[in-house]
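Only one structure is covered here, and it is reproduced in the block below.
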Amino acid sequence: MDNGRQFAAEFARRSRWRPAEVALWVAVAVLPFVFPDRMVLASQIMIAALFALSLDLLLGYAGMISLGHAAFFGIGAYTAGILASHGWSEPISALLLSGLLAALGGYLTGFIVVRLNGVALLMVTMGLGLLVAELANVMQDWTGGSDGLTGIELRPLLGRFGFDMAGRVGFVYALIVVFLAFVFVRRLVHSPFGLSLQGFRENPTRMAQIGAPMAARLRFVNTIACGLAGVAGALLTQTTQFVGLEYIGFDRSAEVLIMVILGGGGRLYGGLVGAFVFLVGRDVFSAANPQYWYFWLGLLLVLIVLFLPGGILGGTTHLAIGLRRLRQGGKA
Amino acid sequence: MTAALATRGLCKSFGALAVARAIDFSLPVGARHALIGPNGAGKTSFINLLTGAVAPDSGTVVLGDTDITHLPTHRRVRLGLVRTFQINSLFADFTPLESVTMTICEREGVAGNWFSGFARHRGLIEEAYDLLDRLGLGEDARRPTRHLPYGRQRLLEISIALAARPRVLLLDEPAAGVPERESAELLDGIAALPADIAVMFIEHDMDLVFRFANRITVLVAGQVLCEGTPEAIAADERVREVYLGRHADRGHHG
């Protein structure tokens, strides 16, 4: 009986903020001001982290892979761009609208993708991604085609903070939006609903046998994930004041998948870690030679998948547990 | 009195192979009913038809007073028809406490709740622990499932099914593959199943069948050959011929 109460309290405590998490967010908020010439890179890491988080919700938690997630990032990015170039220059409402439109896309495609798994799911998500990217290419009047949309002008945030050349306002804006998204997703994955998503990842066929209507839940989480991807896309458009075909293409779908796998799926912060490693790595290596970067990225990816199936975050967790055991063993 | 579960004229063929031919079957409340038959007789197919994993070509499945023939699996579970699997079908990275808590959340209708944490559902977690403890899994409640010995995983199979609070429980070879030294606690677990649950189990181990069953149905080639008390079945000549005659050959069935 006492055990039961104690375990229940422990179980319920999992959703509490841990000190390491708080420290991580403080570092994320402070570091760019220590390296102010890397402010733009920091914004891009934040945005990529949100995009990766949205994929992690599908892949790491619900076990649903996607090779076309950039479609929803792109829908958000283009919506923000088109709104701004047609005079809707208030950034926050444009951001929300962009996310909503991407979520609508996710809701509609959900009816197809939640019935699939394995290779069929890979091919259908990739196909949808290519389809949406081609639409962006063809609808030149709206999207600017291969030239993209430039000269996106935004009103100052909250009427007070204008986007500056150094990217400070852009970074703080991205940081706040991404933090709020993390708080939201964090709640979701720690809920009974989140547990059932992970149950589906662990054993899809058993879920029906415990009475879970998973198709509806997967459609819901797919809608949320696509909406968040759209918010990330809109943030990139708004902070770079540009949107082009590379925002929506297959390369971006592949990159975000790599970020999640690098960082480690199903751990909430895997996407953030993956985005950091990916973008900082590219920044450091591609200064010399872009080809060089892909060599090291490829090597890193192979090593992680072979030796650290839980990604960087999973690996460090195991290391921490191992060290703690070793220390306790030493005391005894 | 209505049966807990009944089928009428249940038929299913896969191409030329008929796995169920007009099966009439009735499971009274509180039954301990064994389903036996030679390999390929259609026993697991029958369970798949009952749970809705496979749709019948014709016939009906009735749970209590409800015709469930066309309901999806998860709805049947919510109505109290629950199964376990011959080969463990568990949540490898979950702890038993998580698996059972998740199942209880489904039963209580709170599993769709995506904006509240578990602090509000502590009672359900305590219930999960109590259930595990009753089946002897209390000490393993927080170990990852994949680290549990096979026999304990079989017990967890049953714990998850019980967490759904079944009215009818279908056990597909509950003791399959459990090593001798681990089987005692599993058998205790089966013996301790609540008396008001109707239990139907597929089993090849005749000692187990005669220990737990108060009725037996013999299935051969998708058809009910006969049904009766264990004594009557043991004495039946036809059963001896088609099934018990091959008793020495206790191979794994398909």
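Order-wise, the sequence lines are chains A and B.
By the numbering used here, the letter at position 33 of the first sequence is numbered 19, and the numbering carries on one by one without gaps.
Take any residue in the second sequence, note its place counting from 1, add 743, and you have its number in the numbering used here.
Idealized CB from N, CA, C, for every residue including glycine.
As the structure is a computational prediction, the values presented were derived from the model and not from experiment.
Apart from the five residues just before and just after residue 826/B, which ones in its own chain have a Cβ nearer than 8 angstroms to its Cβ? In the second sequence, counting from the first residue as 1, residue 826/B sits at position 83. So the qualifying residues of the chain are 790, 793, 794, 904, 912, 913, 914 and 915.
Pick helix, strand or coil for residue 751/B, following the three-state DSSP scheme. Counting from 1 along the second sequence, the entry for residue 751/B is found at position 8. Looking at residue 751/B - three-state DSSP - the assignment turns out to be strand.
From what residue to what residue does the alpha helix (DSSP H) around residue 889/B run? Mapped onto the second sequence, residue 889/B falls at position 146. Counting along the chain, residue 889/B falls outside any alpha helix (DSSP H), and DSSP gives it neither H nor E.
Could you tell me the distance, in whole angstroms, from the CA atom of residue 779/B to the CA atom of residue 937/B? In the second sequence, counting from the first residue as 1, residue 779/B sits at position 36. In the second sequence, counting from the first residue as 1, residue 937/B sits at position 194. For residue 779/B and residue 937/B, the distance between alpha carbons rounds to 23 angstroms.
Test: residue 32/A CB closer than 9 angstroms to a CB of chain B: Translated into positions along the first sequence, residue 32/A becomes position 46. It does not: the Cβ of residue 32/A has no partner Cβ on chain B nearer than 9 angstroms.
May I ask whether a heavy atom of the ligand ATP can be found less than 8 angstroms away from the beta carbon of residue 920/B? As far as ligands go, the structure on display features none, and thus does not contain the ligand ATP.
Please state the DSSP three-state secondary structure of residue 240/A. Along the first sequence, one-based indexing puts residue 240/A at 254. Helix.
Residue 870/B to residue 8/A span [Cα, whole Å]: Locating residue 870/B in the second sequence gives position 127, where the first residue counts as 1. Locating residue 8/A in the first sequence gives position 22, where the first residue counts as 1. When rounded, the distance between both Cα atoms is 33 angstroms.
For the alpha helix (DSSP H) that contains residue 141/A, what are its first and last residues? Numbered from its first residue, the first sequence carries residue 141/A at position 155. It is not in any alpha helix (DSSP H) - residue 141/A carries neither H nor E in the DSSP assignment.
Going by other Cβ atoms of all chains shown within 10 Å of its Cβ, with 16 needed for buried, is residue 281/A buried or exposed? Taking the first residue of the first sequence as position 1, residue 281/A is located at position 295. So residue 281/A counts as exposed.
Short-range partners of chain A found in the segment 845 to 856 of chain B, where Cβ spacing is below 8 angstroms: 845, 846, 848, 849, 850, 853, 854, 855 and 856
Are the C-beta of residue 820/B and some C-beta of chain A separated by less than 9 angstroms? To locate residue 820/B, count along the second sequence from 1; it is residue 77. Output row for residue 820/B: interface = yes.
Delimiting residues of the alpha helix (DSSP H) encompassing residue 854/B: For the purposes of this step, residue 854/B is taken as residue 111 along the second sequence, with counting starting at 1. That residue, residue 854/B, is in no alpha helix (DSSP H); it is neither H nor E in DSSP.
In chain B, what lies closer than 9 angstroms to residue 181/A by C-beta? Your numbering for residue 181/A matches position 195 in the first sequence. The contacting residues are 837, 841, 844, 845, 848, 854 and 861.
Classify residue 176/A as buried or exposed, calling it buried when 16 or more other Cβ atoms lie within 10 Å of its own Cβ. For this step, residue 176/A is matched to residue 190 along the first sequence. Buried.
Members of the segment 895 to 915 of chain B that neighbour chain A once the beta carbon cut-off is set at 9 angstroms: 903, 904, 906 and 907
What does the alpha-carbon distance come out to for the pair residue 899/B and residue 91/A? Taking the second sequence and counting its residues from 1, one reaches residue 899/B at position 156. Taking the first sequence and counting its residues from 1, one reaches residue 91/A at position 105. If you take the alpha carbons of residue 899/B and residue 91/A, they lie about 40 angstroms apart.
Ordered list of beta strand (DSSP E) runs contained in the segment 0 to 37 of chain A, each at least 3 residues: none
Is the separation between the beta-carbon of residue 768/B and that of residue 745/B shorter than 9 angstroms? In the second sequence, the residue the question calls residue 768/B occupies position 25. In the second sequence, the residue the question calls residue 745/B occupies position 2. No, Cβ-Cβ distance for residue 768/B and residue 745/B is not below 9 angstroms.
Residue -3/A and residue 854/B closer than 9 angstroms at C-beta: In the first sequence, the residue the question calls residue -3/A occupies position 11. In the second sequence, the residue the question calls residue 854/B occupies position 111. No.
Contact set for residue 123/A: own chain, Cβ-Cβ below 8 angstroms, skip 5 residues either direction: The count along the first sequence starts at 1 and reaches residue 123/A at position 137. Excluding sequence neighbours, residue 123/A sits near 129, 131, 132 and 231.
Residue span of the alpha helix (DSSP H) that contains residue 184/A, given as start and end: The count along the first sequence starts at 1 and reaches residue 184/A at position 198. 178 to 188 is the span of the alpha helix (DSSP H), which, as asked, contains residue 184/A.
Could you say which of 257/A, 243/A and 201/A lies nearest to residue 93/A if we only look at CA atoms? Translated into positions along the first sequence, residue 93/A becomes position 107. Residue 201/A is the option with its Cα nearest to residue 93/A.
Could you tell me the alpha carbon to alpha carbon distance between residue 803/B and residue 814/B, rounded to whole angstroms? Stepping through the second sequence from its first residue, residue 803/B is reached at position 60. Stepping through the second sequence from its first residue, residue 814/B is reached at position 71. C-alpha separation (whole angstroms): 11 angstroms.
In the DSSP output, which residue or residues are listed as bridge partners for residue 1041/B? No information on residue 1041/B is available, as it lies outside the stretch 744 to 997 that chain B covers here.
Using a Cβ-Cβ cut-off of 7 angstroms (strictly less than) and excluding sequence neighbours within five positions of residue 108/A, which residues of its own chain qualify? If you number the first sequence from 1, residue 108/A lands on position 122. Correct list, in chain order: 51 and 53.
In chain A, which residues lie less than 8 angstroms from residue 868/B when you measure between Cβ atoms? Working through the second sequence from its first residue, we reach residue 868/B at position 125. Residues of chain A passing the Cβ test: -10, -7, -6, -3 and -2.
In or out: residue 151/A buried (at least 16 other Cβ within 10 Å) or exposed? Here the question's residue 151/A lines up with position 165 in the first sequence. Residue 151/A should be labelled exposed.
Pop quiz: residue 949/B and residue 776/B are said to be a contact at Cβ under 8 angstroms. What is the actual Cβ separation, rounded to whole angstroms? Reading the second sequence from its first residue, position 206 is the one you call residue 949/B. Reading the second sequence from its first residue, position 33 is the one you call residue 776/B. At roughly 15 angstroms, the Cβ-Cβ gap does not stay under 8 angstroms, so residue 949/B and residue 776/B are not in contact.
Per-residue contacts from residue 189/A into chain B (C-beta, under 8 angstroms): Taking the first sequence and counting its residues from 1, the one referred to as residue 189/A is at position 203. 832, 833, 834 and 835, listed in chain order.
From the DSSP output, in three-state form, read off residue 810/B for me. If you number the second sequence from 1, residue 810/B lands on position 67. Residue state, collapsed to three classes: strand.
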